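Enquirer: By my numbering, the letter at position 93 of the sequence shown is numbered 93, and the numbering carries on one by one without gaps.
In this text, a Cβ means the ideal position worked out from N, Cα and C, and glycines have one as well.
The structure presented is a predicted model; accordingly, all values stated were derived computationally and were not measured.
Have a look at this one.
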Amino acid sequence: MSKEKIILVGGGGHCHSVIDVIEQENKYDILGIIDLKENIGKKVLGYEIIGCDDDLENIFKTCKNAIITIGHIKSNKVRINIYNKLKQIGFYLPMIVSPLAYVSKHSVIEEGTVIMHHCLINANVKIGKNCIINTKALVEHDVVVKDNCHISTASVLNGNVIIKENSFFGSNATSKQSIEIDGFIKAGSLVK
1 MSKEKIILVG GGGHCHSVID VIEQENKYDI LGIIDLKENI GKKVLGYEII
51 GCDDDLENIF KTCKNAIITI GHIKSNKVRI NIYNKLKQIG FYLPMIVSPL
101 AYVSKHSVIE EGTVIMHHCL INANVKIGKN CIINTKALVE HDVVVKDNCH
151 ISTASVLNGN VIIKENSFFG SNATSKQSIE IDGFIKAGSL VK
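Structure (structure tokens):
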């Protein structure tokens, strides 16, 4: 049985991690990567950079699936712009989930979100569109993560937390339960 093809948009460090998750998940064949024009023809972990943003409409004729593989640390504006462009063209942005993660069957994860290796997504969690739930993140029961957020490596969101749109929750940060978080939370923070 042949797998559907997918393109990756962004060829940097986060792309490396997402390639590994896609290979492990084994649902999609990676057609290639979209990156800066000057990088066309180069390879990322063996996958060719096949075009730049200007080529997306042509690529859509042969591949309907895309995932954003640009990270979100200082700002997520690039991720949001690319998400909007991909949706406008008509691309489908699947949810990508590492088989090494645990995702409760009682959770809801929306399109374009990537769940990295060793995440734990507990019951009644709702994760919005275009999010990164990074390696070893713990998202406890009844948490809501709204669109365009990055929950960083080894971070802990305790029960009933709401993460507002466009927020960044840093590596090893831990939240108290039942609070709202909005904006940038630096690595190692304890959020009360």
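K37 by DSSP, collapsed to three states: which one?
Expert: Sequence index remark: in the sequence shown, residue 37 carries index 37 (1-based). Helix at K37.
Enquirer: Would the beta-carbon of G12 fall within 8 angstroms of that of I82?
Expert: On the sequence shown, position 12 is the one that residue 12 refers to. On the sequence shown, position 82 is the one that residue 82 refers to. No, they are not a contact pair.
Enquirer: Hey, could you find the ends of the alpha helix (DSSP H) I19 is sitting in?
Expert: As a first step, residue 19 is located in the sequence shown; it is residue number 19 there, counting from the start. 13-25 is the span of the alpha helix (DSSP H), which, as asked, contains I19.
Enquirer: Mapping the DSSP letters down to three states, classify V114 as helix, strand or coil.
Expert: Numbered from its first residue, the sequence shown carries residue 114 at position 114. V114: strand per DSSP, three-state reduction.
Enquirer: Please report the residue range of the beta strand (DSSP E) in which Y47 lies.
Expert: For the purposes of this step, residue 47 is taken as residue 47 along the sequence shown, with counting starting at 1. That run of the beta strand (DSSP E) goes 47-51.
Enquirer: Please list the terminal residues of the continuous beta strand (DSSP E) segment that includes I82.
Expert: Numbered from 1 along the sequence shown, position 82 holds the residue referred to as residue 82. Unbroken run through I82 is the alpha helix (DSSP H), 77-89; no beta strand (DSSP E).
Enquirer: Going straight from the alpha carbon of N158 to that of I151, what length do you get?
Expert: Here the question's residue 158 lines up with position 158 in the sequence shown. Here the question's residue 151 lines up with position 151 in the sequence shown. Each residue's alpha carbon lies about 12 angstroms from the other.
Enquirer: What are the residues that DSSP puts in a beta bridge with A66?
Expert: Start at 1 with the first residue of the sequence shown, and residue 66 comes out as number 66. DSSP, once it has assigned bridges, lists I7 as partnering A66.
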